[in-house]
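Below: one structure, written as structure tokens.
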Amino acid sequence: MDVQEVLKLADNMVFAKTGEHLDDLQKAILLGVWEGQKYSQIAEASYCSEGHVRNIASKLWKRLSNVLGEEVTQSNLRSALERQQLFIISSNSGNDFFIGNVNVCKDTKSPEVPKDRSPSTPTPDTSKPQTRLDLADAPHISLLCDRTSELATLEKWIVQEKCNLTAISGLSGIGKTALSLHLIPQIQHHFDCVIWRSLRHSPPLETILKNLL
Numbered sequence: 747m748d749v750q751e752v753l754k755l756a757d758n759m760v761f762a763k764t765g766e767h768l769d770d771l772q773k774a775i776l777l778g779v780w781e782g783q784k785y786s787q788i789a790e791a792s793y794c795s796e797g798h799v800r801n802i803a804s805k806l807w808k809r810l811s812n813v814l815g816e817e818v819t820q821s822n823l824r825s826a827l828e829r830q831q832l833f834i835i836s837s838n839s840g841n842d843f844f845i846g847n848v849n850v851c852k853d854t855k856s857p858e859v860p861k862d863r864s865p866s867t868p869t870p871d872t873s874k875p876q877t878r879l880d881l882a883d884a885p886h887i888s889l890l891c892d893r894t895s896e897l898a899t900l901e902k903w904i905v906q907e908k909c910n911l912t913a914i915s916g917l918s919g920i921g922k923t924a925l926s927l928h929l930i931p932q933i934q935h936h937f938d939c940v941i942w943r944s945l946r947h948s949p950p951l952e953t954i955l956k957n958l959l
């Protein structure tokens, strides 16, 4: 994990448990310790005394210990957070969580989508009820390999069969994200809202629901 992933993971877990985000000094301590800095270095960079940093750090380790369910200290912070990330990923990756699964295989065809029909900004269809779209976190994708059959399968599962959760699996870079983004214009009019969120940092469900609401 890089430092920003560490910060986001810790902040999400603390917020889910306490309803409070990490403050600036707590973040500085977390990132400083992750990068191997001493309390004196963190204090100097944060324009406060080393004693104050030690006091805040002690409270932070206790809070993280409570959140993670194991003792967290300055020396084991990295291993504790890495174990937690692996636990979350393994908990969220079981096949029993997926009602439907589309496996995306490699295809050499790469037709370009017209520039005026970006998947992240679908052209409104005035003949159908307007959907509230929240795609601010979605990446901009302008290309999609020939995925007609996969798009048709996903649309059938979600719209006709009312599939609540679907996984799109495949090798990295094969086009899973592009497939998802190109599916949205086909099915968006069946829903009141369509929201795109990345689960890369595996935030707790409680945190996701709070953000969505």
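Numbering of the sequence shown is given in this note's numbering, commencing with residue 747 and proceeding in unit increments. Each residue gets a CB set at the ideal place from its N, CA and C atoms; glycine is no exception.
Checklist entry - Do leucine 900 and threonine 912 have their CB atoms nearer than 8 angstroms? => result The residue you call residue 900 lines up with position 154 of the sequence shown. The residue you call residue 912 lines up with position 166 of the sequence shown. Against a cut-off of 8 angstroms, the Cβ pair of threonine 912 and leucine 900 comes out as a contact.
Next on the checklist: With the cut-off set at 8 angstroms, would you say glutamine 932 and leucine 897 are in Cβ contact?
Outcome noted: Mapped onto the sequence shown, residue 932 falls at position 186. Mapped onto the sequence shown, residue 897 falls at position 151. In contact: glutamine 932 and leucine 897 (Cβ atoms closer than 8 angstroms).
Next on the checklist: Can you tell me where the beta strand (DSSP E) holding serine 915 begins and where it ends?
Outcome noted: Your numbering for residue 915 matches position 169 in the sequence shown. Start and end: 912-915.
Checklist entry - Would the beta-carbon of isoleucine 887 fall within 8 angstroms of that of leucine 927? => result Position 141 of the sequence shown, counted from the first residue, corresponds to residue 887. Position 181 of the sequence shown, counted from the first residue, corresponds to residue 927. For isoleucine 887 and leucine 927, yes; Cβs fall inside 8 angstroms.
Checklist entry - Does DSSP put leucine 959 in a helix, in a strand, or in coil? => result Translated into positions along the sequence shown, residue 959 becomes position 213. Coil.
Checklist entry - What's the gap between the Cα of glycine 815 and the Cα of leucine 776? => result In the sequence shown, counting from the first residue as 1, residue 815 sits at position 69. In the sequence shown, counting from the first residue as 1, residue 776 sits at position 30. Looking at the two C-alpha atoms, the distance is approximately 18 angstroms.
Item to check | Nearest-angstrom Cα separation, counted from aspartate 770 out to leucine 945 | outcome: Your numbering for residue 945 matches position 199 in the sequence shown. Your numbering for residue 770 matches position 24 in the sequence shown. Cα to Cα, the separation comes out at about 24 angstroms.
Checklist entry - With glutamine 831 and leucine 755 assumed to form a contact (beta carbons below 8 angstroms), what rounded beta-carbon distance in angstroms separates them? => result The count along the sequence shown starts at 1 and reaches residue 831 at position 85. The count along the sequence shown starts at 1 and reaches residue 755 at position 9. The Cβ separation is near 6 angstroms, so the contact holds.
Next on the checklist: Going by DSSP in three states, leucine 925 sits in which element: helix, strand or coil?
Outcome noted: Sequence index remark: in the sequence shown, residue 925 carries index 179 (1-based). DSSP places leucine 925 in helix when its eight states are reduced to three.
Checklist entry - With distances taken between CB atoms, is the gap from glutamine 787 to glycine 778 smaller than 8 angstroms? => result Sequence index remark: in the sequence shown, residue 787 carries index 41 (1-based). Sequence index remark: in the sequence shown, residue 778 carries index 32 (1-based). Result yes, Cβ atoms of glutamine 787 and glycine 778 sit closer than 8 angstroms.
Item to check | Residue range of the alpha helix (DSSP H) that includes isoleucine 802 | outcome: By 1-based counting over the sequence shown, the position of residue 802 is 56. It spans 796-814 - the alpha helix (DSSP H) in which isoleucine 802 sits, taken as one unbroken run.
Checklist entry - Tell me, which residues are paired with valine 940 by DSSP? => result Within the sequence shown, residue 940 is the residue found at index 194, counting from 1. Beta-bridge annotation (DSSP): valine 940 is paired with Leu879.
Checklist entry - Since leucine 890 and glycine 921 are thought to touch, with beta carbons under 8 angstroms apart, how far apart are those beta carbons, to the nearest angstrom? => result Along the sequence shown, read from residue 1 onward, the residue named residue 890 stands at position 144. Along the sequence shown, read from residue 1 onward, the residue named residue 921 stands at position 175. Yes, leucine 890 and glycine 921 are in contact; Cβ-Cβ is about 6 angstroms, under 8 angstroms.
Next on the checklist: Give me the residue from Glu751, His936, Val940, Gly797 with the minimum Cα distance to arginine 824.
Outcome noted: For the purposes of this step, residue 824 is taken as residue 78 along the sequence shown, with counting starting at 1. The residue with the shortest Cα to Cα distance from arginine 824 is Glu751.
Checklist entry - Near glutamate 766, what residues of its chain come up, given a Cβ to Cβ distance below 8 angstroms and the 5 sequence neighbours on each side ignored? => result As a first step, residue 766 must be located in the sequence shown, where it is residue number 20. Excluding sequence neighbours, glutamate 766 sits near Val760.
Next on the checklist: Quick check: what's the CA-CA separation for isoleucine 930 versus isoleucine 914?
Outcome noted: By one-based count along the sequence shown, residue 930 stands at place 184. By one-based count along the sequence shown, residue 914 stands at place 168. Straight-line measurement puts the Cα of isoleucine 914 at about 14 angstroms from the Cα of isoleucine 930.
Checklist entry - Tell me which same chain residues have a C-beta within less than 6 angstroms of the C-beta of asparagine 758, skipping the five on either side of it? => result Position 12 of the sequence shown, counting from 1, holds the residue named residue 758. Within the same chain, asparagine 758 has close Cβ partners Pro949, Thr953.
Next on the checklist: Does lysine 784 come out as helix, strand or coil in the three-state DSSP assignment?
Outcome noted: If you number the sequence shown from 1, residue 784 lands on position 38. Three-state result, lysine 784: coil.
Checklist entry - Nearest to leucine 768 by alpha carbon, out of Trp780, Leu879, Leu810, Asp883? => result Taking the first residue of the sequence shown as 1, we reach residue 768 at position 22. Here the closest residue by C-alpha is Leu810.
Next on the checklist: Please state the DSSP three-state secondary structure of proline 931.
Outcome noted: Position 185 of the sequence shown, counting from 1, holds the residue named residue 931. Correct three-state label for proline 931: helix.
Next on the checklist: Helix, strand or coil, according to DSSP, for threonine 899 in the structure here?
Outcome noted: Here residue 899 corresponds to residue number 153 of the sequence shown, with the count starting at 1. In this structure, DSSP gives threonine 899 a helical state, which the three-state scheme calls helix.
Checklist entry - Taking C-beta to C-beta, are alanine 803 and serine 792 nearer than 8 angstroms? => result As a working note, residue 803 is residue 57 in the sequence shown. As a working note, residue 792 is residue 46 in the sequence shown. Their beta carbons are not under 8 angstroms apart, which means alanine 803 does not touch serine 792 by this criterion.
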